[in-house]
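*Asks:* This is the structure I have questions about; it appears just below.
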Amino acid sequence: MAYENNDKQKESVYSKRIRAGKRRTYFFDVRETRGNDFYLTITESRKRFDSDGYDRHKIFVYKEDFNKFIKALNEAVEYVKTDLMPDFDFDAFNHEYPEDNEGGYIAENAEIVTPTVTVTEPIVSAVPSANSIEEVDKW
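Next comes the structure, spelled out in structure tokens:
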């Protein structure tokens, strides 16, 4: 968890921002504890409809829960993709929302150059086993 140290909140040692539309952004931040340990915060930030502010929701994931968290997340996503919505094209949403220099969005007809990335091996296995759902319920 984040804590105050002389009125300064502990800074992230790593941060990844994911734009998810015009009003929603996810932040994945790695932070350090007082004991030189690390944890992950996942923040959803949504622009309010009726004001200039943002609603933020945050969860904390600690190192001892990383593997269980990733496994459960992957199983839940795969369940939606394979059992609940097998005909839905989830890849249609694999796009970024680039910003201009003033924090606004670049027009859709603007030319955007996207770098090519080659993945040689999967980062996280997303194939649930028959017993995995029972294991998740034990947590």
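The sequence shown begins at 1172 in this note's numbering and counts up by one.
Ideal placement from N, C-alpha and C gives every residue a C-beta, glycine not left out.
For clarity, every value in this text was computed on a predicted model and none was experimentally measured.
#1: Using the Cβ count rule (16 or more neighbours within 10 Å means buried), how would you classify Arg1194?
#2: Assess, as a yes-or-no matter, whether the region 1200-1220 is touched by the region 1228-1235 under the definition of 3 or more beta carbon pairs within less than 8 Å.
#3: Going by DSSP, what residue range makes up the alpha helix (DSSP H) through Lys1239?
#4: With C-beta atoms as the reference, is Arg1202 less than 8 Å away from Thr1214?
#5: Distance check for Ser1186 and Thr1204, CA to CA, integer angstroms please.
#6: Quick test of your reading: Lys1252 and Phe1261, contact by CB under 8 Å. State the CB separation rounded to the nearest angstrom.
#7: Grab the span of the beta strand (DSSP E) containing Phe1311 for me, first residue to last.
#8: How would you label Val1184, buried or exposed, when you count the other beta carbons within 10 angstroms and need 16 or more for buried?
#9: Among all the DSSP beta bridges, which residues are the ones paired with Thr1212?
#10: Measure the alpha-carbon distance for Asp1223 versus Arg1217 and round it to whole angstroms.
#11: In three-state terms, what does DSSP make of Ile1277?
#12: Between the beta-carbon of Lys1239 and the beta-carbon of Thr1212, is there less than 8 Å?
#13: By DSSP, does Asp1262 sit in helix, in strand, or in coil?
#14: Who are the Cβ neighbours of Tyr1225 in its own chain at under 7 Å, not counting the five residues just before and after it?
*Replies:* Here's the rundown:
#1: If you number the sequence shown from 1, residue 1194 lands on position 23. Classification for Arg1194: exposed.
#2: yes
#3: As a first step, residue 1239 must be located in the sequence shown, where it is residue number 68. Here the alpha helix (DSSP H) through Lys1239 covers 1237-1250.
#4: Walking along the sequence shown from the start, residue 1202 turns up at place 31. Walking along the sequence shown from the start, residue 1214 turns up at place 43. Going by C-beta atoms, Arg1202 is not nearer than 8 Å to Thr1214.
#5: Here residue 1204 refers to the residue found at position 33 when the sequence shown is read from its first residue. Here residue 1186 refers to the residue found at position 15 when the sequence shown is read from its first residue. Near 16 Å, if we compare the C-alpha coordinates of Ser1186 and Thr1204.
#6: Here residue 1252 refers to the residue found at position 81 when the sequence shown is read from its first residue. Here residue 1261 refers to the residue found at position 90 when the sequence shown is read from its first residue. Between Phe1261 and Lys1252 the Cβ distance is about 6 Å, and since that is below 8 Å, they are a contact.
#7: Shown here, the chain extends from 1172 to 1310; a query on residue 1311 therefore has no answer.
#8: Counted from its first residue, the sequence shown places residue 1184 at position 13. Exposed is the call here.
#9: Your numbering for residue 1212 matches position 41 in the sequence shown. Paired residues: Asp1200, Phe1231.
#10: Within the sequence shown, numbered from 1, the residue matching residue 1223 stands at position 52. Within the sequence shown, numbered from 1, the residue matching residue 1217 stands at position 46. When rounded, the distance between both Cα atoms is 11 Å.
#11: If you number the sequence shown from 1, residue 1277 lands on position 106. Since pLDDT at Ile1277 reaches only 46, below the 50 mark, its modelled position is unreliable, and no value is offered.
#12: Here residue 1239 corresponds to residue number 68 of the sequence shown, with the count starting at 1. Here residue 1212 corresponds to residue number 41 of the sequence shown, with the count starting at 1. No.
#13: Here residue 1262 corresponds to residue number 91 of the sequence shown, with the count starting at 1. Helix at Asp1262.
#14: In the sequence shown, the residue the question calls residue 1225 occupies position 54. Excluding sequence neighbours, Tyr1225 sits near Ser1216, Arg1217, Lys1218, Arg1219.
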